[in-house]
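In our numbering, the protein residues as written are 953 to 1817.
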Ligand SMILES: Nc1ncnc2c1ncn2[C@@H]1O[C@H](COP(=O)(O)OP(=O)(O)OP(=O)(O)O)[C@@H](O)[C@H]1O
Ligand SMILES: [Zn+2]
């Protein structure tokens, strides 16, 4: 159907861009729906001209030669406000006819498709048989050369049509002179037009109202049909299609399907509708619903045409050749109307519609009313319409179109025949895009169109719009261009990141990943792109078109070990993707997954359904090197090993990221990360140190440590510091030993710990005792944090609370005393607290309960070196 290109417009690229931008900017990003104005804009592009806000402008070809418009540019501009496009409900040829215009005069006119500002001007000699209306038409007369009578006949309804006859060539020829429909739209939309129409139309608010109007019969009948078929039929057409160069229209408009054959991916709907036509079982209300950009509006138009098509071969309706098709596709048909839902809510419009629907068709078999975006009809409108249904002519057919079925009243649903338009599948979209590229002479990478298809969420229109934009960017539609437009990471950036991750460059991996996720892409997208690129590499997809980066990458990763690493990486990413779906901390877990890619052995993130956690601590509680522990299953061993690796990797990255070298080495040598848990958006990192001095030192730097964690994990972090005493590393002095024994409980709004954390473990190989004391609890909420430290002196009880509020991150202050036994503000929702209590009491308690009382987390058997 390439023959049915738009013939009328030669819009400069800048205008197309502006129009595209407008269309896109008017689209609601959440719903992907067009705003009211956007829909008007979109409607403008519909080419049958019935509801597209396009009114006809006629030129008396007999007059055009001495038309002064060429000499009168100023007037032309002055008339711009009335040029070309008049919204639905406004003046049209049919109304002119209805208002008693001389048909012969009308037939002598040629459509001024869209007035060219340069060639438009007033025609002083124009007749004013329709009063102002006529003047309007005449005023906008275009400088169009004379055409033969036969051409006149063929073009009598020469609205902006694809199914063009010789007029197509004419308009095509002159198309390059005409202005952008967008421009005209902007100039002419307004309610004044509607009022104006109503005034002239005396109560009939519907565009192209046909009541009381004699049918216009032009000179073109069967002979015209043969001579100037409107629809092409496999090369039989002699439609003159203007070259693409002369038609800079949006691709989605240009490739709007005009027959059932051209519809993509809606086979069931098409089959049903064709069968309806074939059997003549036409019902009064059809409801087309489904996601946006899947062909509902196009199908409603095709169906409307098919209902009235005169072709004997029902399966080929609409044929595009019969007089009905011709007048339909030329926009001159009076028995098919597209209604503006918003306007229909006005009582006068609604009355007109009801009146019109009660009358028999003027000339066609059926009167078809297409109500697009019908979810915009008000309850009252629905009520009136439904009440009037019985009074409608049996030849009236309503096609309701919506993408928001749930907004329609139930009784509407129950009274209509419903057709669901499904999302178009990616393969069909990319086929269609490839065809368009070929027809348009656009160079393209198959990968690019595949990518566009995958990003268009089943909407062919969205895909076409993307392609359109891309085709404006450069000569060739490449995948990297598509990435740029759509906001994904380029191949080069991906490979760069992958390279870093595989080479264990932890800090740079983290930095790069975070950069990408900050500026370009969401973690889900990044992970799927990474997986794709790895699959390509494993599958040996290294083509001549490979970029230098890819070739470099490939040469570096050819060994068996590297390939193993890649397949392991794929596994890690695919596991992580599953986890990411359920997680609110996608950035964190993608980073953690990336940090694991350098492992050549298979590993994955340990998770449970609700919360992702990495706890080698918990897992090691079942370690078999501690007698009495249950024997671990293979899976547990596997998980334990991998979790441990992950935690170690995270710790390494965190320490690497610390800005001070001394802190870096202190943390790495003296401390360790024993557990990392993410719960409800907060990562809880438990650190272990082995002397109180180290704990104190770490405490002092807790802010830096928290920052470092934050930048690795990308979420709020709560840090817990544990003091671990093992028999293998006894305290140096009694004083030091005494200070180690603290009973601890900590509480917070998020998690309430009231555990001694005192654990004594014994075992043949594990001949040491560990006593873990959680002696600090820190909370870091982004950069907004206030920590309050309280230490008691006399009874060795101290308390530190850390509260997040809007305050300054550095406002750390000490409060001198906290009475023993005070459990702290547990109920204070914003305060996290911890407390130390004197050694003796808790120690005794703990020792008494040594064997039976293991509360909270169990520490690993392996002591840190
Ligand atoms: N199934 C399809 N087959 C062929 N082209 C399609 C199809 N769906 C959409 N298109 C393309 O998208 C454009 C818009 O389609 P159409 O207006 O029919 O979609 P829609 O479902 O009515 O969308 P909306 O709900 O946003 O109005 C068409 O001009 C056409 O280029
Ligand atoms: Zn037909």
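Cβ coordinates follow ideal geometry from the N, Cα and C atoms, glycine included. All figures in this text were calculated on a predicted structure; none of them were measured in a lab.
Cα-Cα, which of 1510, 1485, 1405 and 1505 is closest to residue 1522? On the chain shown, residue 1522 is found 570 positions in, with the first residue counted as 1. Per the Cα distances, 1485.
Reference residue 1401; option with closest CA among 1431, 1326 and 1514: Position 449 of the chain shown, counted from the start, is the residue given in the question as residue 1401. Comparing Cα positions, the closest option is 1431.
Residue 1347, enclosing alpha helix (DSSP H) - first and last residue: Position 395 of the chain shown, counted from the first residue, corresponds to residue 1347. No alpha helix (DSSP H) contains residue 1347, which DSSP labels as neither H nor E.
Identity of the residues DSSP links to residue 1395 by a beta bridge: Position 443 of the chain shown, counted from the first residue, corresponds to residue 1395. Bridge partners of residue 1395: 1428.
By a C-beta neighbour count over all protein chains shown, 10 Å radius and 16 as the cutoff for buried, is residue 1242 buried or exposed? If you number the chain shown from 1, residue 1242 lands on position 290. Burial call: buried.
Quick one: Cα of residue 1366 to Cα of residue 1237, how far? Counting from one through the chain shown, the residue named residue 1366 turns up at place 414. Counting from one through the chain shown, the residue named residue 1237 turns up at place 285. Between residue 1366 and residue 1237, the C-alpha separation is close to 10 Å.
Cβ of residue 1263 within 6 Å of any heavy atom in ligand 2? As a first step, residue 1263 must be located in the chain shown, where it is residue number 311. Yes, Cβ of residue 1263 sits closer than 6 Å to a heavy atom of ligand 2.
Is any heavy atom of ligand 2 found at a distance shorter than 6 Å from the C-beta of residue 1274? Counting from one through the chain shown, the residue named residue 1274 turns up at place 322. Answer for residue 1274: yes, Cβ within range of ligand 2.
Does at least one heavy atom of ligand 1 sit under 6 Å from the Cβ of residue 1208? Within the chain shown, the letter at position 256 stands for residue 1208. Indeed, a heavy atom of ligand 1 lies less than 6 Å from the Cβ.
Any heavy atom of ligand 1 within a distance shorter than 6 Å of the CB on residue 1218? The residue given as residue 1218 occupies position 266 in the chain shown. Yes - ligand 1 has a heavy atom lying nearer than 6 Å to the Cβ of residue 1218.
Suppose the cutoff is 8 Å on Cβ atoms and the five residues either side in sequence are ignored; what does the same chain contact list for residue 1505 look like? Mapped onto the chain shown, residue 1505 falls at position 553. The residues are 1447, 1450, 1451 and 1489.
Within 10 angstroms of the Cβ of residue 1520, are there 16 or more other Cβ atoms? Answer buried if so, exposed if not. Sequence index remark: in the chain shown, residue 1520 carries index 568 (1-based). So residue 1520 counts as buried.
Any heavy atom of ligand 1 within a distance shorter than 6 Å of the CB on residue 1410? Counted from its first residue, the chain shown places residue 1410 at position 458. For ligand 1, not one heavy atom lies less than 6 Å from the Cβ of residue 1410.
Quick check: what's the CA-CA separation for residue 1524 versus residue 1207? Numbered from its first residue, the chain shown carries residue 1524 at position 572. Numbered from its first residue, the chain shown carries residue 1207 at position 255. For residue 1524 and residue 1207, the distance between alpha carbons rounds to 43 Å.
With burial defined as no fewer than 16 other Cβ atoms inside 10 Å of the residue's Cβ, what is the status of residue 1784: buried or exposed? Position 832 of the chain shown holds residue 1784. Caution applies to residue 1784, whose pLDDT of 26 falls short of 50 and renders its modelled position unreliable; the value that the coordinates give is listed next. It is buried - the Cβ of residue 1784 has at least 16 other Cβ atoms within 10 Å.
Whole-angstrom distance between residue 1428 and residue 1421, CA atom to CA atom: For the purposes of this step, residue 1421 is identified with residue 469 of the chain shown, where counting begins at 1. For the purposes of this step, residue 1428 is identified with residue 476 of the chain shown, where counting begins at 1. Computed Cα separation, rounded: 12 Å.
Candidates 1477, 1508 and 1213: closest to residue 1538 by CA position: As a position in the chain shown, residue 1538 is number 586, starting the count at 1. Considering only alpha carbons, the answer is 1477.
Can you tell me whether residue 1407 sits near ligand 1, meaning its C-beta is under 6 Å from at least one heavy atom of the ligand? Position 455 of the chain shown, counted from the first residue, corresponds to residue 1407. No - ligand 1 has no heavy atom lying nearer than 6 Å to the Cβ of residue 1407.
Using only alpha-carbon positions, find the residue among 1528, 1512 and 1416 that is nearest to residue 1480. Taking the first residue of the chain shown as 1, we reach residue 1480 at position 528. The candidate whose alpha carbon is nearest that of residue 1480 is 1528.
The beta strand (DSSP E) enclosing residue 1819, as first and last residue numbers: Outside the shown range of the chain (953 to 1817) lies residue 1819, about which nothing can therefore be said.
Closer than 6 Å: residue 1313 CB and nearest ligand 2 heavy atom: What you label residue 1313 is simply residue 361 of the chain shown in a count that begins at 1. Residue 1313 Cβ: outside cutoff for every heavy atom of ligand 2.
Our contact map puts residue 1532 next to residue 1475 with C-beta atoms below 8 Å; I'd like the distance itself, whole angstroms only. Working through the chain shown from its first residue, we reach residue 1532 at position 580. Working through the chain shown from its first residue, we reach residue 1475 at position 523. With 8 Å as the limit, residue 1532 and residue 1475 qualify as a contact, their Cβ atoms being about 6 Å apart.
Which listed residue (1269, 1244, 1233 and 1246) has its alpha carbon closest to that of residue 1213: By one-based count along the chain shown, residue 1213 stands at place 261. The residue with the shortest Cα to Cα distance from residue 1213 is 1269.
Would you decide whether residue 1612 is buried or exposed? Buried here means 16 or more other CB atoms lie within 10 Å of its CB. Within the chain shown, the letter at position 660 stands for residue 1612. Result: exposed.
C-beta atoms of residue 1287 and residue 1316 nearer than 7 Å: Position 335 of the chain shown, counting from 1, holds the residue named residue 1287. Position 364 of the chain shown, counting from 1, holds the residue named residue 1316. Yes, the pair counts as a contact, with Cβ atoms nearer than the cut-off.
Starting from residue 1436, follow its DSSP beta bridges and name the residues at the other end. For the purposes of this step, residue 1436 is taken as residue 484 along the chain shown, with counting starting at 1. Answer is none; residue 1436 lacks a bridge partner.
Considering only their Cβ atoms, is the gap separating residue 1321 from residue 1291 smaller than 7 Å? Start at 1 with the first residue of the chain shown, and residue 1291 comes out as number 339. Start at 1 with the first residue of the chain shown, and residue 1321 comes out as number 369. Their beta carbons are under 7 Å apart, which means residue 1291 touches residue 1321 by this criterion.
Just verifying my parser: in three-state terms, what is the DSSP assignment at residue 1646? As a first step, residue 1646 must be located in the chain shown, where it is residue number 694. Helix, per DSSP.
Can you tell which of 1668, 1629, 1618 and 1627 has the C-alpha that lies nearest to the C-alpha of residue 1645? Sequence index remark: in the chain shown, residue 1645 carries index 693 (1-based). Minimum Cα distance to residue 1645 is reached at 1618.
Classify residue 1624 as helix, strand or coil using the three-state DSSP reduction. To locate residue 1624, count along the chain shown from 1; it is residue 672. It is a strand residue.
Mind checking whether the beta-carbon of residue 1277 lies closer than 6 Å to any heavy atom of ligand 2? As a working note, residue 1277 is residue 325 in the chain shown. Checking the Cβ of residue 1277 against ligand 2 gives yes.
Near residue 1334, what residues of its chain come up, given a Cβ to Cβ distance below 7 Å and the 5 sequence neighbours on each side ignored? Numbered from 1 along the chain shown, position 382 holds the residue referred to as residue 1334. Contacts found: 1361 and 1364.
Around the C-beta of residue 1339, are 16 or more other C-beta atoms found within 10 angstroms, so that it is buried, or is it exposed? If you number the chain shown from 1, residue 1339 lands on position 387. Answer is exposed; the Cβ neighbour count stays below 16.
Spatial neighbours of residue 1416 within its chain, please: C-beta separation below 6 Å, excluding the five flanking residues on both sides. Counted from its first residue, the chain shown places residue 1416 at position 464. Same-chain partners within the cutoff: 1203 and 1204.
Could you spell out where the alpha helix (DSSP H) holding residue 1255 opens and where it closes? Here residue 1255 is taken as the residue at index 303 of the chain shown, counted from 1. From DSSP, the alpha helix (DSSP H) with residue 1255 extends over 1248 to 1260.
Between the alpha carbons of residue 1409 and residue 1341, how many angstroms are there, rounded? The count along the chain shown starts at 1 and reaches residue 1409 at position 457. The count along the chain shown starts at 1 and reaches residue 1341 at position 389. So the two alpha carbons sit approximately 37 Å from each other.
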